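The block underneath contains the structure these notes are about, expressed in C-alpha cells.
Protein chains: 2
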Amino acid sequence: MTIVVVGSVAFDTVETPYGRADEVLGGSASFFAVAASFFAPVRIVAVVGEDFPKTEIEFLRSRGIDLEGLTVAAGRTFRWTGRYHEDMNLRDTLDLQLNVFADFAPKLPDSYRDSDICFLANIQPGLQGGVLAQLARPRLVAADTMNHWITGARADLERLLHHCEILTLNDEEAKLLSGERNVIRAARRILEMGPKSVLVKRGEYGVLHFSADSVFAVPAYPLEQVFDPTGAGDTFAGGFIGALARSGDFSTPSLRRAIVYGSVLASFVVEDFSLNRLRTLTLDDIEHRYRQFVALTEF
Amino acid sequence: MTIVVVGSVAFDTVETPYGRADEVLGGSASFFAVAASFFAPVRIVAVVGEDFPKTEIEFLRSRGIDLEGLTVAAGRTFRWTGRYHEDMNLRDTLDLQLNVFADFAPKLPDSYRDSDICFLANIQPGLQGGVLAQLARPRLVAADTMNHWITGARADLERLLHHCEILTLNDEEAKLLSGERNVIRAARRILEMGPKSVLVKRGEYGVLHFSADSVFAVPAYPLEQVFDPTGAGDTFAGGFIGALARSGDFSTPSLRRAIVYGSVLASFVVEDFSLNRLRTLTLDDIEHRYRQFVALTEF
C-alpha cells in the first residue's frame, strides 16, 4: 500500500545535555517519511525554500520517497531552534521562523490522489481537512495534532476527527482535548469523537493504544542514552504506518505489531541528532530490535 | 515457601482528589503482608501501640498471617498524614508521628528463623541488616529503600546491598543511589553494588526489572480511576514476593510472572483507600486480571 504524508520539512538547531547540532534536517514529514520508507512506498507533500540543499533532496530520494509533492518556494526553509532540559521530556523553543511554511497550502499532485494511507502530520487542522478532500478513496487516515490546535482551532479539529481512523497525540494533549484528567478516560472520550484508534505517546514510558475492544501498552525501548528526542513522535508514526502499509492488514493484532515497529524506529532515531541514525539503519537492524522488544515484554 | 516481612504497621490519614480517609490501616508491612497472603504463608515483624484495634488484628489473622512477631508496645501506633496532588504521582506529608515505631528494633521470634524468603520493607538499613543476622538461611532476601536512607544512611545501605538478591526502589531513588541520570545506567550500576535484580517502580508507568542477562518492562494496569496510591509499592512487592514463594522458582521466567502478579495486586489496592480493596479480593479476581495483563501486552 502507498502512503502519503503531509507536514513540515525544516532545519532544526538543537541543544541537548549531550551536544548541539546546527541547521540539521528536521520537520514532521521528514522524520515520518524516512521511517515509513523502510516498509512501504511513501509520497511527501511539503514545502521548502530555495536554500534547501540538493544533498538532502538526494537523501530523501535515495530512500525511495516520491518528491513530486515537495514544493520549492521562493524564500527560506522553516527553521526551529530548541533546547532540551536535563530531563529530556522537557524542552524550550528558542526560535521559530516559519518562512515559506507560513503560506503552506498542501496541494496533492494528481499522481498522489490514489494513495491508500494518508498521514496528516501536525499542521493546522483546517489544512489537514483540505488534504482529505483531495484524496480519491483512502483506506486509512491517521492524524497527529498538538496543544496549539486543540485550543486554537478546536472546531476544525473536531470536524477532522470524524474523518480519521487513527489519532496520535501525547498524554497532555489527550487530557486537553478530552477535558479528562485520567489518560484512559481521556482516550475513551476521544474515541467518541470519531477515531477508531487513539495512540497516546508517552515518550520514555512508551505508547498506549486504545480502540473500542482493546487496550494495548508497549514500553519504550530502554536506552542507556537518549541523545536527541526531536522527531521521535513522527518517527514512531512513520514506523507504525509504514508497517501497517507493508502488511495491508488493519486488524488489532496487526495494529499491535505495527505499534511495536513504530516504537523500534523511534528508539533508533533518538540515538543521534536529526534523523542521522536512520541514514545508516537497515531492515535487519529493525527486525533485530523488534525481537528485542519481544524479549523485553514477554512473560 | 514461607515469607517474613519486617516493616511498619500504621494509621494513615489520606486526602486525594477523590476523597479522604481518617486513621485507616496502613504501613509497609500491612500492605505487603496482605498482598503476599494470597499466595503463601506470611510472618510479620512490626510494632503497634496499645491503641491498635482488635478488629484489624483479626483481619490480618483472617488472612492467615502469622502475628507472633507483631509487638504491642506501650504508647500509640505510628501515624502518617498525607495529601495527594491533582497529579497523584505527587504527595505532601502533612504530619508524621513515629510513636512506638521510633524505638522499633526488629526481633524475630524463634519460629520465624527458618523463613525461606525475607522482605525488608523501607526502614533504616542498619535495622534491615540486623534482621538478616537473625535468619537461619534465607533462600531469597529482597529489600526496599528510599531517598531518606540513600542520603542519610548510605554506608549501612551499601553494606546491606551485598546481602540482598533483590532491591526495589523508584526512578528517582535509583538515580540518587547510583549517581546516574538515566534509569538504565542507574540500574546497571546498582547491580554492581550487590543485588542480582533491581526493580524500578514507576507508578502509573509500570515497572522495569533488571538483572545481569535480562531487562523486563511491564506497564501498569490502565485504571480509569486511581483512588488512593498509598501502599501501591509495598502491595506490588507483596504480590511479587508472594507469587515467587508460591512457585518456589527464582528463574527469570518465574520472576517475570511474579512481577506481573505484583502489578496485579498493586492495580487493585489503588482502587480504594487503605487496603480496603484487598479485604474483598479473591484469587479468582487476581487470576482474571493477570489474564488481562496478558491481553494488554501481547503482540
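Same order as they appear, the protein sequences are chains F and S. Take 1 as the starting number for the first sequence in the numbering used here and just add one per residue. Take 1 as the starting number for the second sequence in the numbering used here and just add one per residue. Yeah, the Cβ is synthetic: ideal placement off N, Cα and C, and Gly gets one too. If you're wondering where the values come from, they're calculated on a predicted model, not measured in any experiment.
Closer than 9 angstroms to chain S by CB, residue i
i	result
F:V72	no
F:L223	yes
F:E298	yes
F:A121	no
F:R277	no
F:S211	no
F:L208	yes
F:S197	no
F:S214	yes
Buried or exposed (CB count within 10 angstroms, at least 16 for buried), residue i
i	result
F:A102	exposed
S:P222	buried
S:N147	exposed
S:T282	exposed
S:S251	exposed
F:N170	buried
S:N99	buried
F:L90	exposed
S:Y18	exposed
S:E50	exposed
F:E58	exposed
S:T77	buried
S:T151	exposed
F:G248	exposed
S:L278	buried
S:P253	exposed
F:D110	exposed
S:D12	buried
Test: residue i CB closer than 9 angstroms to a CB of chain F
i	result
S:A217	yes
S:N147	no
S:G129	no
S:A243	no
S:K295	As written in the sequence, residue 295 of chain S is Ala, which differs from the Lys given in the question. Judged by the 9 angstroms Cβ criterion, S:A295 is in contact with chain F.
S:R43	no
S:R289	no
S:Y303	The requested residue 303 of chain S does not occur in the structure, where chain S is confined to residues 1 to 299.
S:R188	yes
S:R61	no
S:R202	yes
S:R76	no
S:R185	yes
Test item: CB-CB of residue i and residue j under 9 angstroms
i	j	result
S:T2	S:V42	yes
F:L132	F:G69	no
S:G206	S:A237	no
S:A36	S:V6	no
F:V14	F:D228	yes
F:A258	F:I286	no
S:T71	S:A46	yes
S:L208	S:A220	no
F:F32	F:A121	yes
S:A143	S:C164	yes
S:E224	F:I190	no
F:H167	F:L199	Residue identity differs from the one stated: residue 167 of chain F is Leu in this sequence, not His. Cβ atoms of F:L167 and F:L199: closer than 9 angstroms.
F:L60	F:V34	yes
F:R154	F:A136	no
S:N276	S:V9	no
S:P138	S:I123	no
F:G231	F:S267	no
Sheet register partners of residue i (DSSP bridge)
i	result
S:T16	S:G19
F:G69	F:V45
S:P81	In the sequence as presented, Pro is not what sits at residue 81 of chain S; that position holds Thr. S:T81 is bridged to S:T13 and S:D95.
S:H209	S:L199 and S:F216
S:C118	S:V4 and S:V141
S:Y169	At residue 169 of chain S the sequence reads Leu, which differs from the Tyr that was named. DSSP, once it has assigned bridges, lists S:V200 as partnering S:L169.
S:L25	S:F11
Contacts of residue i in chain B (Cβ-Cβ under 7 angstroms)
i	result
F:N182	Going by chain labels, chain B is absent from the structure shown, which instead holds the protein chains F and S.
Distance cut-off 8 angstroms: residue i Cβ against heavy atoms of the ligand FAD
i	result
S:A102	In terms of ligand content, the structure shown is empty, and the ligand FAD therefore cannot be addressed.
Listed from N- to C-terminal order along the chain, which residues in the region 84 to 106 of chain S have their beta-carbon within a distance smaller than 9 angstroms of any beta-carbon of chain F?
-> Of all residues in the region 84 to 106 of chain S, those with a C-beta nearer than 9 angstroms to a C-beta of chain F are E86 and D87, reading in chain order.
Positions along the region 245 to 270 of chain F whose CB lies within less than 8 angstroms of some CB in chain S = Within the region 245 to 270 of chain F, the residues whose Cβ lies closer than 8 angstroms to some Cβ of chain S are P253, R256, R257, I259 and V260, listed in chain order.
Select from the region 11 to 22 of chain S all residues with a C-beta closer than 7 angstroms to any C-beta belonging to chain F, and list them in chain order.
-> For the region 11 to 22 of chain S, the beta-carbon criterion of a distance under 7 angstroms to any beta-carbon of chain F is satisfied by none of its residues.
Interface residues of the region 139 to 163 of chain S facing chain F [CB-CB below 9 angstroms] | If you check each beta-carbon in the region 139 to 163 of chain S against every beta-carbon of chain F, none falls closer than 9 angstroms.
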